[in-house]
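Chains as they are written, first to last, in the working numbering: chain A, 1 to 595; chain B, 596 to 1190.
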């Protein structure tokens, strides 16, 4: 196996051939997925750094890797001896990638990237930032030197039946054609895997955690082309697609298709979701390009509003997930002190218990089990080195989720494994108050998440406490656990909440070195009341799992907050008991008892 | 006196001479002031409609006037027989001005405006909207036909001493030069009257309610020119200005100055605050134009953050205003049933009581006294026709404010003049809860008003109630009662709250046909705590006047809310008693008693 310095040397030779003074390798795949298949882990292969986020810059004389604070320690260890300098993003004195490149080389240098790995928007932003240097969408320089590069995943894919998707591909195509104004001479190109999965009711296993299949699509006024490895689909599923007016072509044929689009066509692309190479191919032949009217992606905005079948599926998935979690927390209480329980074994146990359901398709993301001070790291992921043994002391934070055939779950609970201190109770109750404030909120139609965010943060802010992440993200229907376009965060996002959207509610409080507390449920936006003051909406909490009542300082809760918690627990008990044996019922009865 | 049809006929003749197919007359003055001097009431003179907001469009064959719902009834009456069609803005089927013009005339028509009355931004927006017609910054066509047009106001002006302004003009010029990056070859032009008033510590009486003097300014790296009628200033004040490096030139000379700016200069303008004629004059001579780096106006953003002397002045003004209001509400309680009290006599009485202070310089806006159902109109202004007699029944809403030499006030109180019903108590208490939530809020540095807004609306929203205006606006220091750049509203505004900003807190609830409730105090943003979670700020309420406790449904308040109200009332009592006689003290003691 070649060493990292050898790999860097190889790529520098190729850079010289291509007359490039620098080459930038991001962590993306050509679909800009949150998780990428091994095939596209070019940055990892070239640098040796295995974290999920990072960008490598190779110049003729230097190499540097930018990553964020989650990965500083890991990256430092993995980059040792590679000759690659670690750039700790956000730290004082650390240059941006643009600044580094501009400092390192003469003006009017040419910097290359693999055009497939940069969206139009990101390429343009970087290009402006690097001027007067030239940014070039060059070839994939890693491919020729990566001899044992993994193949494109070939996992089986399947279609969701209409009783789960709630809408046929034919209907979704009609919906998209209308919403995106796809006229007779137009073709809309889709690259985002979750947009394609939604549109064609197709799910796969090409990517970790996200049930996606590698594919592109071209949507016409009256038909569509799905670029996917046909061998992934059963013959029955192929027939269903063909019957919906979908032409199936090989995944690899997409670029050739773009190159042959009739020049009388108008091509609709979303610059944030389409790679620069696609646009350059179209521009090269002077094909008229139209930007997607919806900056977030028309398909993404349609997908975010769940239909009745999808909502019913979410509810069903919440029951299955709740049952697994009841069993998990029973096991945890029982096992602590009897056997060795660790952060990693907790993740294994949750997976095992969720998998008892036939409908479980895998985890929706890597479980975060953070014991005591590890819980204070919001994006903590236990490794063999960090793996803490869990004892009957302090807080344990577990953030996990499942992909079920009918919906996706994402839940965080923080439980106290001993007798909470007063400070722990205050902190825990502040998070709960924030969670409940958002859960109970009534708001006018047209409200943005940035307006609602302070409801969740408010109780903590009154104590001069805040948390450094968003309060809520959209969740896909048996799709990506993080999806747009809505969000609930301090930053402005013009997207408004709409009935049918599923969004997380996850305020948190982190005391570095001590503990982290996060209480997360998923919510469904629902219409509420229309009166002379307008139309009002609210959230319905759909996650079903008890919230630990032991660390609650009840004197800090208002009667309304107590009523919400007791009502929620009653719902949890009622919805989960049909699935439980007597032992489990008794346990849940106690956990959901009114406070 | 010419009739309206005669005036329209006259202007059509001038339009023909200027080859214009339409002419648009807005309600602005050349400084884009909220209130305009009579001299610039061209739209009023030409149409006969006296409301403060409206735009008149005259075509060769028609005329129409756009105004908002506040003025529908008034405009209908005043436009009768004028031949001008009333366009009720916001009503179904009512075209926009652009649409109306495009529908009325052939494409490639030329539409004229007085370029002095359109900002660069507004002219460009309208120009785009009217294309392919041509929008032309033509001459002032009203002037030649308005024979008895009022002169430019010539009211006396004066300089604020430094113990009130807190900062000399020399220092403010240095501050502006630095913040706006005014370099050696640059000239920044200022047209907004409140920016000029702030920069030169000058106040006047040319405009109703706003203590402004008509002026323009040009700011250089090391000096400034103030375009103002020198006769408005005392010789002493002229000397102070001259001593600060300020050249005083006649107001009328500003345009000639712009026409003679050396072409080697860069001219900095704010397109929202500078009229299109100024820019055209510069462009005509190819003078390099730079846009103000701050879209809200660098001077406006500096002005919004009050210095220590300004804050002290606000506090003093609040005491004077509070004393006047104590006397007013005592008078009101005493007079009801004894003498005839009307909405208009209330406004007179408040003015009279405020004027008992030597430091009172006038009202900061026209008093809104809305009795019972009149209070449900948020922008109500009593007229002889609408003027209601106030009796010992139901709610009375009074929104008023004063200009004091050391600060500006703006306060709304709603008092119940009889025994409130349960519904009235609930509504009143919801507004109070919203007011207190914002008054008590702690928030991270960098928080925008749009994030805070829901704190004030939240209690009402939980009852599916909302109000159709903002929650808070900036307030000038003995300047405009409405000033930017900050705001607290549902709409996004990227401006963040900063310590030193004075902003109103005015949630409200309107039951059309029944009553309106609004509780408004002014707040000062102050630093609070800096800890491991960051820097936190909060509001300090600076208005001093009891809040009616009679309509409070105490069971709806949390202990924290009760504590805030009692603490506020204690402060009001302590700050105002030094000014009060024994009778007044006893009254205030009762009104501020803890609930």
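Virtual Cβ for every residue (Gly too), placed ideally from N, Cα, C.
Can you pull the chain B neighbours of residue i, defined as C-beta to C-beta under 9 angstroms?
i             : result
residue 537/A : Those do not exist, as residue 537/A stays about 10 angstroms from chain B at its closest Cβ, beyond 9 angstroms.
residue 490/A : 1039, 1041, 1042, 1043, 1046
Nearest chain B C-beta to residue i closer than 9 angstroms, yes or no?
i             : result
residue 533/A : yes
residue 454/A : yes
residue 596/A : Look at the range of chain A in this structure, 1 to 595, and you will see that residue 596/A is not part of it.
residue 451/A : yes
Report the three-state DSSP secondary structure of residue i (helix, strand or coil).
i              : result
residue 413/A  : strand
residue 1030/B : helix
residue 1080/B : strand
residue 1191/B : Residue 1191/B falls outside the range modelled here, since chain B spans only 596 to 1190, and no answer is possible.
residue 838/B  : helix
residue 799/B  : coil
residue 643/B  : coil
residue 823/B  : coil
residue 419/A  : coil
residue 315/A  : helix
residue 1136/B : strand
residue 330/A  : helix
Is there a Cβ from chain A that is less than 9 angstroms from the Cβ of residue i?
i              : result
residue 1023/B : no
residue 1059/B : yes
residue 1148/B : no
residue 683/B  : no
residue 1043/B : yes
Identify, in the order they occur along the chain, each residue of the same chain with its Cβ nearer than 7 angstroms to the Cβ of residue i, setting aside the five sequence neighbours on each side.
i              : result
residue 1053/B : 1029, 1032
residue 997/B  : 916, 949, 955, 958, 959, 1004
residue 337/A  : 392
residue 968/B  : 1108, 1109, 1110
residue 849/B  : 811, 822
residue 297/A  : 192, 195, 270, 273
residue 824/B  : 749, 845, 846
residue 779/B  : 816
For residue i, collect the residues of the same chain with a Cβ closer than 8 angstroms to its Cβ; drop the 5 residues on either side in sequence, then sort them by chain order.
i              : result
residue 1168/B : 1183, 1184, 1187
residue 595/B  : Since the first residue shown for chain B is 596 and the last is 1190, residue 595/B is missing from the structure and cannot be characterised.
If you drop the 5 nearest sequence neighbours on each side, which residues of the same chain put their C-beta closer than 6 angstroms to that of residue i?
i             : result
residue 62/A  : none
residue 874/B : 715
residue 150/A : 38, 39
residue 303/A : 198
residue 920/B : 1140
residue 201/A : 159, 160, 165, 169
Along chain B, in chain order, which residues have C-beta atoms closer than 8 angstroms to that of residue i?
i             : result
residue 528/A : 1059
Going by the C-beta, is residue i closer than 8 angstroms to any heavy atom of the ligand GTP?
i              : result
residue 1081/B : The ligand GTP is not among the ligands present in this structure, which contains no ligands whatsoever.
Give me the chain A residues within the contact set of residue i, using Cβ-Cβ distance strictly less than 9 angstroms, ordered along the chain.
i              : result
residue 1037/B : 458, 461, 462, 463, 464
Please compile the residues from chain A whose C-beta is within a distance smaller than 7 angstroms of the C-beta of residue i.
i              : result
residue 1153/B : 558
Taking CB distances under 9 angstroms as the criterion, tell me whether residue i reaches chain C.
i             : result
residue 512/A : You won't find chain C in this structure, because its protein chains are A and B.
Inset, instruction - Scan the stretch 841–906 of chain B and note each continuous alpha helix (DSSP H) run of 4 residues or more that stays entirely inside, going in chain order. - result: Segments of the alpha helix (DSSP H) lying fully in the stretch 841–906 of chain B: 849–854, 871–879, 893–899.
Inset, instruction - May I have a chain-ordered list of the beta strand (DSSP E) segments no shorter than 3 residues that lie completely inside the stretch 59–139 of chain A? - result: If we require 3 residues or more, the beta strand (DSSP E) runs fully inside the stretch 59–139 of chain A come out as 63–67, 85–88, 110–114, 134–138.
Legend entry - Whole beta strand (DSSP E) elements within the stretch 934–1008 of chain B, 3-residue minimum: Entirely contained in the stretch 934–1008 of chain B, the beta strand (DSSP E) runs reaching 3 residues are, in chain order, 955–958, 963–966, 990–995, 997–999.
Inset, instruction - Jot down the residue ranges of each uninterrupted beta strand (DSSP E) in the stretch 452–516 of chain A, minimum 3 residues, whole runs only, in chain order. - result: Complete beta strand (DSSP E) runs here, min 3: 472–474, 483–488, 502–505, 508–511.
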